[in-house]
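Chains A and H, in that order, give the protein sequences. With positions in the first sequence counted from 1, the corresponding number in my numbering is that position plus 2. With positions in the second sequence counted from 1, the corresponding number in my numbering is that position plus 2. Just so you know, even glycine gets a beta-carbon here, dropped at the ideal spot from N, CA and C. Below you'll find the structure, written out as structure tokens, and then a few comments.
Number of protein chains: 2
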Amino acid sequence: MKAGQKPRPQLRIRRINLDTGRENVAVISRHSRALRPEVFRGFSRVELRSGAKSMLATLLITDDDSLVGAEDLGLAEPAFHRFASPSGSLVSVTPAKPPGSLDAVRQKILGRTLGAGDITAIINDIARFRYSDMEIAAFLVGSASFMTTAELLALTRAMADAGTHLRWEQAIVADKHCIGGIPGNRTSMIVVPIIAAHGLTIPKTSSRAITSPAGTADTMEVLARVDIGVGEMKEIVAACHGCLVWGGRVNLSPVDDILISVERPLGIDTREQMVASIMSKKLAAGSNHLLVDIPVGPAAKVKTAMEAMRLRKLFEFVGDQLGIAVEVVTTDGREPIGRGIGPVLEARDVMAVLSNDLDAPRDLRENSLRLAAHILEYDPEVRGGTGYARARKLLEGGAALRQMQKIIDAQGPSTCRTELGTLTVDIAADKDGVVESIDCLRLNRLARMAGAPIYKGAGILVLKKIGDRVERGEPLYRIYACEHSEFELVAAAANVRSGYRVDDRPPTSFAAR
Amino acid sequence: MKAGQKPRPQLRIRRINLDTGRENVAVISRHSRALRPEVFRGFSRVELRSGAKSMLATLLITDDDSLVGAEDLGLAEPAFHRFASPSGSLVSVTPAKPPGSLDAVRQKILGRTLGAGDITAIINDIARFRYSDMEIAAFLVGSASFMTTAELLALTRAMADAGTHLRWEQAIVADKHCIGGIPGNRTSMIVVPIIAAHGLTIPKTSSRAITSPAGTADTMEVLARVDIGVGEMKEIVAACHGCLVWGGRVNLSPVDDILISVERPLGIDTREQMVASIMSKKLAAGSNHLLVDIPVGPAAKVKTAMEAMRLRKLFEFVGDQLGIAVEVVTTDGREPIGRGIGPVLEARDVMAVLSNDLDAPRDLRENSLRLAAHILEYDPEVRGGTGYARARKLLEGGAALRQMQKIIDAQGPSTCRTELGTLTVDIAADKDGVVESIDCLRLNRLARMAGAPIYKGAGILVLKKIGDRVERGEPLYRIYACEHSEFELVAAAANVRSGYRVDDRPPTSFAAR
Chain A
3 MKAGQKPRPQ LRIRRINLDT GRENVAVISR HSRALRPEVF RGFSRVELRS GAKSMLATLL
63 ITDDDSLVGA EDLGLAEPAF HRFASPSGSL VSVTPAKPPG SLDAVRQKIL GRTLGAGDIT
123 AIINDIARFR YSDMEIAAFL VGSASFMTTA ELLALTRAMA DAGTHLRWEQ AIVADKHCIG
183 GIPGNRTSMI VVPIIAAHGL TIPKTSSRAI TSPAGTADTM EVLARVDIGV GEMKEIVAAC
243 HGCLVWGGRV NLSPVDDILI SVERPLGIDT REQMVASIMS KKLAAGSNHL LVDIPVGPAA
303 KVKTAMEAMR LRKLFEFVGD QLGIAVEVVT TDGREPIGRG IGPVLEARDV MAVLSNDLDA
363 PRDLRENSLR LAAHILEYDP EVRGGTGYAR ARKLLEGGAA LRQMQKIIDA QGPSTCRTEL
423 GTLTVDIAAD KDGVVESIDC LRLNRLARMA GAPIYKGAGI LVLKKIGDRV ERGEPLYRIY
483 ACEHSEFELV AAAANVRSGY RVDDRPPTSF AAR
Chain H
3 MKAGQKPRPQ LRIRRINLDT GRENVAVISR HSRALRPEVF RGFSRVELRS GAKSMLATLL
63 ITDDDSLVGA EDLGLAEPAF HRFASPSGSL VSVTPAKPPG SLDAVRQKIL GRTLGAGDIT
123 AIINDIARFR YSDMEIAAFL VGSASFMTTA ELLALTRAMA DAGTHLRWEQ AIVADKHCIG
183 GIPGNRTSMI VVPIIAAHGL TIPKTSSRAI TSPAGTADTM EVLARVDIGV GEMKEIVAAC
243 HGCLVWGGRV NLSPVDDILI SVERPLGIDT REQMVASIMS KKLAAGSNHL LVDIPVGPAA
303 KVKTAMEAMR LRKLFEFVGD QLGIAVEVVT TDGREPIGRG IGPVLEARDV MAVLSNDLDA
363 PRDLRENSLR LAAHILEYDP EVRGGTGYAR ARKLLEGGAA LRQMQKIIDA QGPSTCRTEL
423 GTLTVDIAAD KDGVVESIDC LRLNRLARMA GAPIYKGAGI LVLKKIGDRV ERGEPLYRIY
483 ACEHSEFELV AAAANVRSGY RVDDRPPTSF AAR
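Printed below as a string of structure tokens:
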């Protein structure tokens, strides 16, 4: 088709102030003589070319000449930035062939097993924004029904290779990861300073919240800047043995972020996709020793010990194949950890533990020490079984707090507003009894309604935990909000359904139990 | 969450001249005080409410106050029309919960079998435009890996129930359907007048081309108006026993069109989805006798006799359950039928057959007679085995032509430009030999490049068929185009790859065969 083909007419790029999320969107005029949009009917995607540059985009059509004239090609913000040609420059537009790797997606949908080459091609096309959301959904759903361990491994490698690879000089580069879901579970911010104080390298990158009220990056941002690039991150780690930065800026496994943004609204979340997501980030981060924390509980991501074991085996398999020493621990995921939910309240819990405050939350402290103990024993110098004592010494002696301060100083001061919300309401027990269960999903949702993580000072202070005795009218938790509208909404919602179950049956005798 | 909840702030609807295809798209200002778009981060979808009306839409964000001000909610064209509230009217906007039926989609993705209630809920949500393209893709791909016959049946019923149901007085309401893919295969336009001339009722609705150079509706539109509503269609059928109208206006199984618009770009096309698509339309059309034509050939949708048989069984099963007497025939799908590809050229073939022209294409005539013969035998008055003779009599005696003219008069004159393209180029054989194969997909693609079906007069006139002897330089087919740009493009493309394979080996002796 190349021989004798006249070049397609060219259009002038025009920037359209429209944030279309991840997807590339182009807009042409229905009156565009150059394009004859009817020809594009039946094609949902177009290919833009300018010199050696090429980009796929979803095409929308307009009759509004003030938006896009007959000689223009409008590009919505993300597409405009990605194509990186100035307004007014010429571009040719043709109906896009679907990305070649979509054939492999179809094979997968038909139940075939894909080779590493196919998977790499798919991931590379996604990384280059050549897939529409619909096509990404097709890949994810097609892979959700089954994925072989070989496919999982290829997927993990391809995802890691599609972004930045960090390299470290040290023989041991430690990392920890919690699969999440439990509010207040900010152990990373205690484990990292303990490990770094010991002298092991732990360059921790964390995510911001997507559907939860706070990610570790959101909470750390209360104390220090986290939006830090690769070069600066390396300097900080060289100086402090560790860091607590936002992973987004470092561009580790960027396809993971794309896949997550489609998985979340669809609510698909398979074990294999979770493992590929986490392990691709760790591989890209250059970690060679990884501790994975799997909270188990009725409202946690993993509900039973059996599920946790299956997940553990997958982590171990992939870790072994990638040369990452993986250790998996399960923790109690029945209720929130610590007292705070939301960035400011969680940061207070963290600093209370590091400062050895007498009223620091015990569960957060214990979990952190236990996780740190495992990691410390990666150090050949640390004698088997002494990790816990070493962790405790570093914490109680103040070394961890000093190390945290050093890391905070190195990362620089936060520029966020970090005062606690001034609007508060206490949600009270509606009967006497004992707290029987706490719905973590409900508390997460209420904390988000209160404004977290957008308002760092919004969130929930947990006052009662499972097993605590409460009287009717006694507060179960306190909600903090920063703006009136959120405050009224969340107070009403929490009063309708608090997420707490209080058991008011008379205490059973030991014999009856 | 309802008790005590204050109503969300309201925005003013503003129409945005942007054709976003099927998907509902809403646009708000990043500065919208009423909404605080950050709260919507992590939600891709919003719910609009005004009185009892409610609609889901995908949310885009803009900084351009001239597009959408801080107090406005922009609605792209399809969303604006569907919400059907005037510009300036007030609407409240909240983060949308995903449609409830998406839970069933997740179950399907996990490999479970869905009940009829789940499937009906999914189809109803899709019909009400509550699914994003991504969510539709998830449903289709999740169903592609397996679908039980019970699920297939429930899907077919739910799709038929989501649109108009036609009802007919007659005991026998005949229909025919070709699963498509073969260029020039316009048998419906010959079968319908034969059957109607006989006196059987055959209210035929057809589709326009989506990815092919012509659908039956496009070709019929060369001869008559096809954009006809239910009431008028019933009058035409009462007067003529049959019609040839566009199905889109009649709103039969509208979800089918939505699903197809996602299936096509993804290239997923399972047997079950094909059967549900076709049978839902026939059920909604009120047909009780259906003849399905399955062309079999290397570039057809169905490649082997075995595949055709599997598909036949599915059609028969669903037909039996729905009370539609289904008969399936396979036809030769190795090469184009007739000579014309594209609306005007195909309409000429059809009229040549109906007029009993001596040079009318024999394959189109034979196929049509064979199909008509089957349908005629649905009539209890027609003795078994005599259908073909009856069909031939109706055709050769001129009754079919007169019936076609009656249908054309009843439907009214076409308003399209229907002259043949004036730009032509002949594509010639590059060696002496015998035509061994013709790539139907390639000819379809070239005819589309030439402008069909947008330009009714664009297309291809097939001059040589399989088995024909050709000399080097002798034309294989002629391309017709209406505009210069298409003409140059398609001529170049056809010269690079004609789609014909000519075998130049010396003819083998009978003995060697």
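Residues bridged to residue i (per DSSP)
i      : result
L293/A : K178/A, E329/A
Q12/A  : S94/A
E49/A  : L58/A, T96/A
L246/H : K206/H
E75/H  : Reading the sequence as shown, one finds Leu at residue 75/H and not Glu. Paired residues: I15/H.
A430/H : P477/H
T64/A  : S31/A
L463/A : G342/A, R480/A
Beta-carbon proximity of residue i to residue j, cut-off 9 Å
i      : j      : result
E73/A  : D21/A  : no
Y457/H : G501/H : no
V355/H : L366/H : yes
V27/A  : A81/A  : yes
R159/H : A98/H  : no
I124/A : A106/A : yes
I197/H : A412/H : no
L293/A : H167/A : no
Q405/H : P195/H : yes
V257/H : S289/H : no
C-beta neighbour in chain H for residue i, strict 9 Å
i      : result
D21/A  : yes
E137/A : yes
S134/A : yes
S279/A : no
S500/A : no
D177/A : no
D105/A : yes
S34/A  : no
L112/A : yes
S209/A : no
G342/A : no
A327/A : no
V427/A : no
R47/A  : yes
V29/A  : yes
A160/A : no
Exposure of residue i, with buried meaning 16 or more beta-carbon neighbours within 10 Å
i      : result
K466/A : buried
M57/A  : buried
M385/A : Reading off the sequence shown, one finds Arg at residue 385/A, where the question assumed Met. R385/A should be labelled exposed.
M308/H : exposed
M311/H : exposed
9 Å Cβ cutoff, residue i in contact with chain A
i      : result
S147/H : yes
T64/H  : yes
R108/H : yes
P300/H : no
R336/H : no
G217/H : no
A72/H  : no
I18/H  : yes
V143/H : yes
A140/H : yes
L168/H : no
In the stretch 429-441 of chain A, which residues sit with their C-beta less than 9 Å from some C-beta in chain H, listed in chain order?
none
Contact residues within the stretch 80-107 of chain A, judged by C-beta distance below 9 Å to chain H:
P100, L104, D105, V107
Positions along the stretch 261-293 of chain H whose CB lies within less than 7 Å of some CB in chain A:
V264, P267, L268, G269, I270
Short of 9 Å Cβ to Cβ, which residues in the stretch 234-252 of chain A face chain H?
none
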